[in-house]
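A short worksheet on the structure shown next.
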Amino acid sequence: MKEKIICFSLGLSDEDIEKGKASFYGLNKEAEKLEVFAINKSMLTLKVGDALASVIADSGVSIADKHKDRDNSLWPDRYRVVVVLAQEREQVFQVMRSFKAVLSDPQNIIFAVITETALSWTFEEYAGHLHAEHESMKTRKP
Numbered sequence: 005m006k007e008k009i010i011c012f013s014l015g016l017s018d019e020d021i022e023k024g025k026a027s028f029y030g031l032n033k034e035a036e037k038l039e040v041f042a043i044n045k046s047m048l049t050l051k052v053g054d055a056l057a058s059v060i061a062d063s064g065v066s067i068a069d070k071h072k073d074r075d076n077s078l079w080p081d082r083y084r085v086v087v088v089l090a091q092e093r094e095q096v097f098q099v100m101r102s103f104k105a106v107l108s109d110p111q112n113i114i115f116a117v118i119t120e121t122a123l124s125w126t127f128e129e130y131a132g133h134l135h136a137e138h139e140s141m142k143t144r145k146p
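And the structure:
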């Protein structure tokens, strides 16, 4: 059985997510299942680990349904983040390539792997950390 790849996105529209998924499956014909969950406003205070546990448990009720606020276009000018949980490093790169291929301004999409540390952070804390790191890398001189 193939393991699914789980992503959480912030600042991407439903259309952006569907474009990214279509690109992923177009490039990876026999790919693992890619699930992308939009982080909406009410999910910002949710811990990444709790959301991930809910998705992995696949309780039949989607994480977004539990958090009714469907506004997943938060801070579109400030944050566009995709965090990925995958078994293999190459799968993470496949997700990155797929989304970058079809979304506008791809250099300003922040991609990250869900780490052990991130599991204890809220989505708001994690996105803030990733954004600060991204800005630092953009302005850092080699």
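Numbering-wise (our numbering), the sequence shown opens with residue 5 and increments by one.
For every residue, glycine included, the Cβ atom is placed at its ideal position computed from N, Cα and C.
Segment limits, beta strand (DSSP E) that includes I209: Not covered by the structure: residue 209. The range shown for the chain is 5 to 146.
Residues near M100 by beta carbon distance below 6 angstroms, same chain, minus five either side: What you label residue 100 is simply residue 96 of the sequence shown in a count that begins at 1. Only F115 meet the Cβ criterion.
task: Consult DSSP for E39 and reduce its assignment to one of helix, strand or coil.
output: Mapped onto the sequence shown, residue 39 falls at position 35. In the structure shown, E39 sits in a strand (DSSP, three-state: E or B).
**Message:** Please report the distance separating the alpha-carbon of N44 from that of E34.
**Reply:** Mapped onto the sequence shown, residue 44 falls at position 40. Mapped onto the sequence shown, residue 34 falls at position 30. In a straight line, the C-alpha of N44 is about 30 angstroms away from that of E34.
Review point. So, are the CB atoms of Q98 and F28 less than 8 angstroms apart?
Key: Counting from one through the sequence shown, the residue named residue 98 turns up at place 94. Counting from one through the sequence shown, the residue named residue 28 turns up at place 24. The Cβ-Cβ distance between Q98 and F28 falls below 8 angstroms.
Pull up the CB-CB distance for L48 and E128, whole angstroms please, since I reckon it's below 8 angstroms.
By one-based count along the sequence shown, residue 48 stands at place 44. By one-based count along the sequence shown, residue 128 stands at place 124. Rounded, the Cβ-Cβ distance is 4 angstroms, consistent with contact.
key: Sequence-distant residues of its chain with Cβ nearer than 6 angstroms to D20 (five each side left out)   = Start at 1 with the first residue of the sequence shown, and residue 20 comes out as number 16. Residues of the same chain with a CB within less than 6 angstroms of the CB of D20, apart from the 5 flanking positions on each side, are L107 in chain order.
- Can you give me the start and stop residues for the alpha helix (DSSP H) that I114 sits inside? Mapped onto the sequence shown, residue 114 falls at position 110. Where I114 is concerned, there is no enclosing alpha helix (DSSP H), although the beta strand (DSSP E) around it starts and stops at I114 to V117.
- Inter-residue Cα distance where the pair is G64 and V88: Locating residue 64 in the sequence shown gives position 60, where the first residue counts as 1. Locating residue 88 in the sequence shown gives position 84, where the first residue counts as 1. Its pLDDT being 45, under 50, G64 is placed unreliably in this model, and the coordinates cannot settle the point.
Worksheet item: Closest by CA to L56, which one among T143, S140, K142 and T126?
Response: To locate residue 56, count along the sequence shown from 1; it is residue 52. Put simply, of T143, S140, K142 and T126 the residue whose alpha carbon is nearest the alpha carbon of L56 is T126.
Using only CA atoms, which one of F12, V117, K23 and H138 lies nearest to L50?
Taking the sequence shown and counting its residues from 1, the one referred to as residue 50 is at position 46. Cα-wise, what sits closest to L50 is F12.
(Q) For K142 and L16, what's the separation of their Cα atoms in angstroms? (A) Within the sequence shown, residue 142 is the residue found at index 138, counting from 1. Within the sequence shown, residue 16 is the residue found at index 12, counting from 1. Pairing K142 with L16, the inter-Cα distance amounts to about 21 angstroms.
Run the CB neighbour count on N76, radius 10 Å, all protein chains shown included, and call it buried at 16 or more, exposed below.
-> As a first step, residue 76 is located in the sequence shown; it is residue number 72 there, counting from the start. Because the pLDDT of N76 is 49, which lies under 50, any placement of that residue in the model is unreliable, and the question is left without a value.
Closer than 7 angstroms by C-beta to D109: which residues in its own chain qualify, once you throw out the five before and the five after it? Chain order, please. Numbered from its first residue, the sequence shown carries residue 109 at position 105. Leaving aside the five residues that flank D109 on each side, none in its chain has a CB nearer than 7 angstroms to its CB.
Check your understanding: Around the C-beta of S102, are 16 or more other C-beta atoms found within 10 angstroms, so that it is buried, or is it exposed?
Key -> The count along the sequence shown starts at 1 and reaches residue 102 at position 98. Buried, since its Cβ has 16 or more Cβ neighbours within 10 Å.
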